[in-house]
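Protein chains in written order, with this note's numbering: chain E, 1 to 416; chain G, 1001 to 1237.
Cβ coordinates follow ideal geometry from the N, Cα and C atoms, glycine included.
As the structure is a prediction and not an experimental result, all values here were calculated from the model.
Beneath this line is the structure, given in structure tokens, with notes to follow.
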Amino acid sequence: MRLRHARSCPPAHRRRERTVALLTLSCVVSLALPVGTASAAQPQVGLGTADSFAVLAGSAATNTGPSTINGDLGVTPGTSVTGFGPPATVNGTIHAADAVAAGAQSDLTIAYDDAAGRIPALAVPTELGGLTLTAGVYKNASSLGLTGALTLDAQGDPDAVFIFQAGSTLTTASASRVNLINGAQPCNVFWQVGSSATLGTSSVFTGNILALTSISMNDGVRVHGRALARNGAVTLINDTITRARCAPGTTGGTPTSGGPTPGAPSSGAPSSGAPSSGTPGGAGGPGAGGSASGENGTALFTTSPRAIARTVARSGIRRCVDGRFRAVVTGLFIRRVVFSLGGRVIATRTRSPFTTLVRAGAGVHRVSARVTFRDGTPAATLRMRFRACAEAARSTQRERPRSPSRRPRGPFGLTG
Amino acid sequence: MTAAPAWALVLVACALFAPAAAAGSAIAPEQELVVLLGGHEVRSRPDVGGAATGSIGPRRPITHARTVLPVLDRRVDDDARGWLRVRLPGRTLGRRSPPRSGWIRSNETRRATTRWHIVVDVGARGIRVYRSGRLIRRFAAIVGKPSTPTPRGRYFVEENVRLDATHAGAPFALATSARSRVLQEFAGGPGQIALHGLQNIGGRPGTAISHGCVRLRTADVTWLAARIAPGIPVTIV
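Next comes the structure, spelled out in structure tokens:
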């Protein structure tokens, strides 16, 4: 009804309606749930002597089945190392309560505290599945979970660092995966977990897990990174853990020897329509910390309802979505956001909420948000390409049901 | 001496034009609504730590239609949870009056909008119907008598009820979130204020004789009932 009405109106009326809609939207704060993101650059988290370890546990390291550990394995102050003989393979040295393991645990504590203290941290929802994130610090005060795919986009910067801070647990579902694209390296991904991490069956996980308590992996997990537990146990079942090392010439890696060089688990291009983001933080690397360089701006591009961006992130333009939604940008130090649809500016926002209504007919469209920041963070353009459904467009035309009256279901009394 | 007449003119002008201007400027061209798809806790602030001030079900008690509420504000908390400040239904029988508005989580909801708005003018004993901020209809009405006045304030249509021909107020009633401030209970209900018809109840539009409800001619309430869905704002001035 709404669209049909708009078409029947004279152009001046349509313009007035559009203006009214924009003014109305400027008065409300949108549901901002992060999907496409960008964040300030961060230096790498130094692992010190823990760098040579693929698995490091506090109380015990336990394995079942033919797991493969590409890197050192250590336990301290506990001494229990169980199940790492054949058919399991350890392509490294086993350190059970020796000085090397003690030194690594000490360095792990420093690294854990470093990762936990990184700011500015952008709040993310518990569920990370379907998100595409650029370099930065991401935090959930309670827990983090992953169902489906999480994509980490380095945007061409091999030193881009991704730090995730989970207040308590990190839990991944079966067959979930962390994808790295555009030069992201597993050695530069850190998961600081406030209690314990559990990785689901047949999942592909990327990054260094720094857990305060324990790390448990179900059957058939592949990890490109490290499983480092400070106080508790590391438990494996037929898993493969490959110590992540940075490519030569990049600043992220720490210069240690041994262990094979892993590849990114999935470095394919992002889906054609995935919400993308700019790089406000610029290049990472030592000394490029946000507060030191004055580049603390972050911007996070998503939609309301969130399902739109999630579908686009997962399926690109293969699946159509409702052509009527809100484009939302949230973040830190944002000065202005200019929203465009198909190259035509549809809204400019200079204060929160940075949101606008997008109305697109059936077909493929691109919505973008040009974000400028109040500090020295370079401007970024965040984009999302999507395909609007014809059916969805028709469904939004119904503003009211044909007859809103209903018969009463029982006795009732009105004042009269 | 010369200033006094000027002040008087200003005051007279304000008295003449201010009510109309205020009423006109208060009508937004579009109101955001939210359809509840599940039950919701109502909190005093957009935070899970906010005090729980009540709960609201996904269906209305008379017709079991979906609960539709006007949205007054939106927020996102530190954990990226969406919150909506909504106008709340009025009291139910035997319960204390709930707050006029509160915060609910945005999950299990569906967004909607309306361009309709009804203004009940108690003083003028009539109603005005707006669409997209423009006045499109005026109807004479019966409003509450001085001992049981129609309560002023900002409300919304909770339910659009099709009444039996024998029911008082037939053929339709737009049951609002307003409740009588005098009658805590009436005819087995919580003193709910409605815009309804004249059948089986009588009265002459343009008078103030009701118990608080707004009575309209059959043709007028039929016109309204065909257009006004739950959630549409009702302002009583």
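List the residues of chain E that Q1192 of chain G touches, going by C-beta distances under 9 Å, in chain order.
The count along the second sequence starts at 1 and reaches residue 1192 of chain G at position 192. Neighbours of Q1192 of chain G in chain E, taken as residues whose beta carbon is under 9 Å from its own, are F412, G413, L414, T415 in chain order.
Any C-beta of chain G sitting closer than 8 Å to the C-beta of P120 of chain E?
Sequence index remark: in the first sequence, residue 120 of chain E carries index 120 (1-based). With 8 Å as the cut-off, P120 of chain E does not count as an interface residue toward chain G.
Quick one: give me the first and last residue of the beta strand (DSSP E) that T64 of chain E is part of.
On the first sequence, position 64 is the one that residue 64 of chain E refers to. Segment 60 to 64, the beta strand (DSSP E) holding T64 of chain E.
CB contact flag (A50 of chain E, A111 of chain E, <8 Å)
Looking up residue 50 of chain E in the first sequence gives position 50. Looking up residue 111 of chain E in the first sequence gives position 111. Taking 8 Å as the Cβ cut-off, A50 of chain E and A111 of chain E qualify as a contacting pair.
Shorter than 8 Å from the beta carbon of N1160 of chain G to some beta carbon of chain E?
Walking along the second sequence from the start, residue 1160 of chain G turns up at place 160. The C-beta of N1160 of chain G comes closer than 8 Å to at least one C-beta of chain E.
Which value, in whole angstroms, describes the spacing of the CA atoms of G323 of chain E and E1032 of chain G?
Position 323 of the first sequence, counted from the first residue, corresponds to residue 323 of chain E. Position 32 of the second sequence, counted from the first residue, corresponds to residue 1032 of chain G. Whole-angstrom Cα-Cα distance: 18 Å.
Suppose you measure from the CA of T132 of chain E to the CA of V193 of chain E; what does that come to, to the nearest Å?
The count along the first sequence starts at 1 and reaches residue 132 of chain E at position 132. The count along the first sequence starts at 1 and reaches residue 193 of chain E at position 193. C-alpha separation (whole angstroms): 20 Å.
S403 of chain E burial status per 10 Å Cβ neighbour count (16 or more: buried):
Translated into the one-based positions of the first sequence, residue 403 of chain E becomes position 403. Taking all protein chains shown into account, S403 of chain E has fewer than 16 neighbouring C-beta atoms within 10 Å of its C-beta and is therefore exposed.
In whole angstroms, what separates the C-alpha of P1146 of chain G from that of V1122 of chain G?
For the purposes of this step, residue 1146 of chain G is taken as the residue at position 146 of the second sequence. For the purposes of this step, residue 1122 of chain G is taken as the residue at position 122 of the second sequence. C-alpha of P1146 of chain G to C-alpha of V1122 of chain G: approximately 11 Å in a straight line.
What first and last residue would you give for the beta strand (DSSP E) that runs through D153 of chain E?
Translated into positions along the first sequence, residue 153 of chain E becomes position 153. Element bounds for D153 of chain E: 149 to 153.
Which runs of the beta strand (DSSP E), 3 residues or longer, sit entirely within the region 1186 to 1214 of chain G?
Residue ranges of uninterrupted beta strand (DSSP E) with 3 or more members, entirely inside the region 1186 to 1214 of chain G and ordered along the chain, are 1192 to 1196, 1208 to 1210.
Can you confirm whether T1166 of chain G, when its beta carbon is compared against all beta carbons of chain E, has any partner nearer than 8 Å?
As a working mapping, residue 1166 of chain G is identified with position 166 in the second sequence. Output row for T1166 of chain G: interface = no.
Short check: CB of A247 of chain E to CB of P353 of chain E, under 8 Å?
The residue given as residue 247 of chain E occupies position 247 in the first sequence. The residue given as residue 353 of chain E occupies position 353 in the first sequence. Contact: no.
Exposed or buried, what is T311 of chain E when buried is set at 16 or more other beta-carbons lying within 10 Å of its beta-carbon?
Residue 311 of chain E sits at position 311 when you count from the first residue of the first sequence. Looking at its Cβ environment, which holds 16 or more other Cβ atoms inside 10 Å, T311 of chain E is buried.
Give a yes or no on whether the C-beta atoms belonging to S1106 of chain G and W1083 of chain G are separated by under 8 Å.
Along the second sequence, read from residue 1 onward, the residue named residue 1106 of chain G stands at position 106. Along the second sequence, read from residue 1 onward, the residue named residue 1083 of chain G stands at position 83. Between S1106 of chain G and W1083 of chain G, the C-beta gap is smaller than 8 Å, which places the two residues in contact.
Judging by CA-CA distance, which residue of E:T377, E:S214, E:T213, E:N208 is the nearest neighbour of I241 of chain E?
Position 241 of the first sequence, counted from the first residue, corresponds to residue 241 of chain E. Shortest Cα-Cα distance from I241 of chain E to any of E:T377, E:S214, E:T213, E:N208 involves E:N208.
Would you mind stating whether R1138 of chain G and P1029 of chain G have Cβ atoms separated by less than 8 Å?
Along the second sequence, read from residue 1 onward, the residue named residue 1138 of chain G stands at position 138. Along the second sequence, read from residue 1 onward, the residue named residue 1029 of chain G stands at position 29. Annotated as distal: R1138 of chain G and P1029 of chain G, with beta-carbon spacing of 8 Å or more.
Is the separation between the beta-carbon of R1091 of chain G and that of P1099 of chain G shorter than 8 Å?
On the second sequence, residue 1091 of chain G is found 91 positions in, with the first residue counted as 1. On the second sequence, residue 1099 of chain G is found 99 positions in, with the first residue counted as 1. No, these two residues do not count as a Cβ contact at 8 Å.
Can you tell me which residues form a DSSP beta bridge with H365 of chain E?
Position 365 of the first sequence, counted from the start, is the residue given in the question as residue 365 of chain E. BP columns for H365 of chain E point to E:F386.
If I measure Cβ to Cβ from L332 of chain E and keep anything under 7 Å in the same chain, skipping five residues before and after, which residues do I get?
Locating residue 332 of chain E in the first sequence gives position 332, counting from the first residue. Shown here for L332 of chain E: same chain residues with a beta carbon closer than 7 Å to its own, the five before and five after excluded, namely P120, N296, G297, T298 in chain order.
If we cut at 8 Å on Cβ distances, does N296 of chain E have a partner in chain G?
Here residue 296 of chain E is taken as the residue at index 296 of the first sequence, counted from 1. N296 of chain E does not count as touching chain G.
What is the DSSP secondary structure of T256 of chain E, reduced to helix, strand or coil?
To locate residue 256 of chain E, count along the first sequence from 1; it is residue 256. In this prediction, T256 of chain E scores a pLDDT of 33, lower than 50, which makes its location untrustworthy; no coordinate-derived value is stated.
Close beta carbons around H1167 of chain G, own chain, < 7 Å, minus the five adjacent residues each side:
Locating residue 1167 of chain G in the second sequence gives position 167, counting from the first residue. Same-chain partners within the cutoff: N1200.
Taking I1056 of chain G as part of the beta strand (DSSP E), name the residues at either end of that continuous run.
In the second sequence, counting from the first residue as 1, residue 1056 of chain G sits at position 56. Start and end: 1052 to 1056.
Let me confirm a value: L31 of chain E is counted as buried when at least 16 other C-beta atoms fall within 10 Å, else exposed. Which label applies?
In the first sequence, residue 31 of chain E corresponds to position 31, counting from 1. Any reading at L31 of chain E is ruled out, since the residue's pLDDT is 29, under 50, leaving its predicted position unreliable.
For P34 of chain E and R1075 of chain G, I'd like the C-alpha separation in whole angstroms.
For the purposes of this step, residue 34 of chain E is identified with residue 34 of the first sequence, where counting begins at 1. For the purposes of this step, residue 1075 of chain G is identified with residue 75 of the second sequence, where counting begins at 1. With a pLDDT of only 38 at P34 of chain E, under 50, the local geometry of the prediction cannot be trusted, and no value is derived from it.
Residues near I237 of chain E in its chain [Cβ-Cβ closer than 7 Å; skip 5 each side]
The residue given as residue 237 of chain E occupies position 237 in the first sequence. Within its own chain, the residues whose Cβ lies closer than 7 Å to the Cβ of I237 of chain E, once the five positions on either side in sequence are excluded, are T64, G65, M217, N218, D219, listed in chain order.
Return the chain-ordered list of same chain residues with a C-beta closer than 6 Å to the C-beta of S1177 of chain G, the five sequence neighbours on each side being excluded.
Sequence index remark: in the second sequence, residue 1177 of chain G carries index 177 (1-based). If you ignore the 5 residues before and after S1177 of chain G, its C-beta comes within less than 6 Å of the C-beta of P1089, G1090, Y1155, F1156, E1158, all in its own chain and listed in chain order.
Per DSSP, what kind of secondary structure is A307 of chain E in: helix, strand or coil?
For the purposes of this step, residue 307 of chain E is taken as residue 307 along the first sequence, with counting starting at 1. It is helical.
Taking the beta strand (DSSP E) that G145 of chain E belongs to, which residues open and close that run?
Within the first sequence, the letter at position 145 stands for residue 145 of chain E. Segment 144 to 146, the beta strand (DSSP E) holding G145 of chain E.
For the region 134 to 141 of chain E and the region 157 to 172 of chain E, state whether three or more C-beta atom pairs, one from each stretch, are separated by less than 8 Å.
For the pair of segments examined, the region 134 to 141 of chain E was found to touch the region 157 to 172 of chain E: the number of CB pairs separated by less than 8 Å reaches three.
On the three-pair Cβ rule with 8 Å, is the region 1182 to 1198 of chain G touching the region 1209 to 1224 of chain G?
Contact between the region 1182 to 1198 of chain G and the region 1209 to 1224 of chain G is present, because at least three Cβ pairs lie under 8 Å.
Give the interface partners of H1196 of chain G over in chain E, defined as CB-CB distance under 7 Å, in chain order.
As a first step, residue 1196 of chain G is located in the second sequence; it is residue number 196 there, counting from the start. Neighbours of H1196 of chain G in chain E, taken as residues at a C-beta separation under 7 Å, are given in chain order as L414.
Where A123 of chain E meets chain G, residues with beta-carbon distance less than 7 Å:
As a position in the first sequence, residue 123 of chain E is number 123, starting the count at 1. Chain G residues near A123 of chain E: D1078, D1079, A1080.
Out of G:L1037, G:V1120, G:E1185, point me to the one whose CA is closest to I1104 of chain G's CA.
Within the second sequence, the letter at position 104 stands for residue 1104 of chain G. Nearest C-alpha to I1104 of chain G: G:L1037.
For the beta strand (DSSP E) that contains G103 of chain E, what are its first and last residues?
By one-based count along the first sequence, residue 103 of chain E stands at place 103. Where G103 of chain E is concerned, there is no enclosing beta strand (DSSP E), although the alpha helix (DSSP H) it sits in stretches over 99 to 116.
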